[in-house]
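Residue numbers (my numbering): -10 to 129.
So this is what it looks like as structure tokens:
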């Protein structure tokens, strides 16, 4: 999963050691979900050691979304060149697209795994995300 975002910060005051701000942004998120499921293959002719192998299902799903974010934070300067930044950000998808599942299978139904993957991707793409950022400020 990766994303790119354009955002802006609106400071309440332009000077001082303590600079609180609000921010807003818009971005694009790309995601890929890989899912692997192993099912035992049974030998009906041997009741004591009847597992003869595994059927492995490798599935994948791609999606993308456009999201908006809002943030609140502050910059606190210890000196004129060094400080600390703390920010809380909330992001939410505005729209999302999920591709058809890429399902490979041998003895299991692709509809079962495909529907599971599609639902997982829809949940992830539409879920809000909360982030807390803390970083150093160094002015040169």
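Where a beta carbon is used, it is the ideal one built from N, C-alpha and C, also for glycine.
Computed from a predicted model, the values in this text were never measured in an experiment.
For residue i, which three-state DSSP category applies?
i, result
"residue 7", "strand"
"residue 108", "helix"
"residue -8", "strand"
"residue 58", "strand"
"residue -3", "strand"
"residue 115", "helix"
"residue 76", "strand"
"residue 128", "coil"
"residue 67", "coil"
"residue 120", "strand"
"residue 2", "coil"
If you count every other CB in all the chains shown that lies within 10 Å of the CB of residue i, and 16 or more means buried, which is it?
i, result
"residue 100", "With a pLDDT of 48 at residue 100, under the threshold of 50, the modelled position of that residue is not reliable, and the figure given next carries that caveat. Exposed, by the Cβ-count rule."
"residue 87", "buried"
"residue 116", "exposed"
"residue 80", "buried"
"residue 120", "exposed"
"residue 68", "exposed"
Please confirm whether residue i and residue j have their CB atoms less than 8 Å apart.
i, j, result
"residue 60", "residue 12", "yes"
"residue 52", "residue 10", "no"
"residue 111", "residue 70", "no"
What distance in whole Å lies between the Cβ atoms of residue j and residue i, which are believed to be in contact at a cut-off of 8 Å?
i, j, result
"residue 65", "residue 7", "6 Å"
"residue 3", "residue 22", "The Cβ separation is near 44 Å, so there is no contact."
"residue -4", "residue 84", "Actually they are not in contact, since the Cβ atoms of residue -4 and residue 84 sit about 18 Å apart, beyond 8 Å."
"residue 82", "residue 125", "In fact, because the Cβ distance is near 31 Å, the residues do not count as touching under 8 Å."
Could you tell me whether the Cβ of residue i comes closer than 8 Å to any Cβ of chain B?
i, result
"residue 118", "Although the question refers to chain B, the structure presented lacks it and comprises just one protein chain."
Next on the checklist: Would the region 14 to 25 count as touching the region 70 to 77 if we require 3 or more Cβ pairs under 8 Å?
Outcome noted: no
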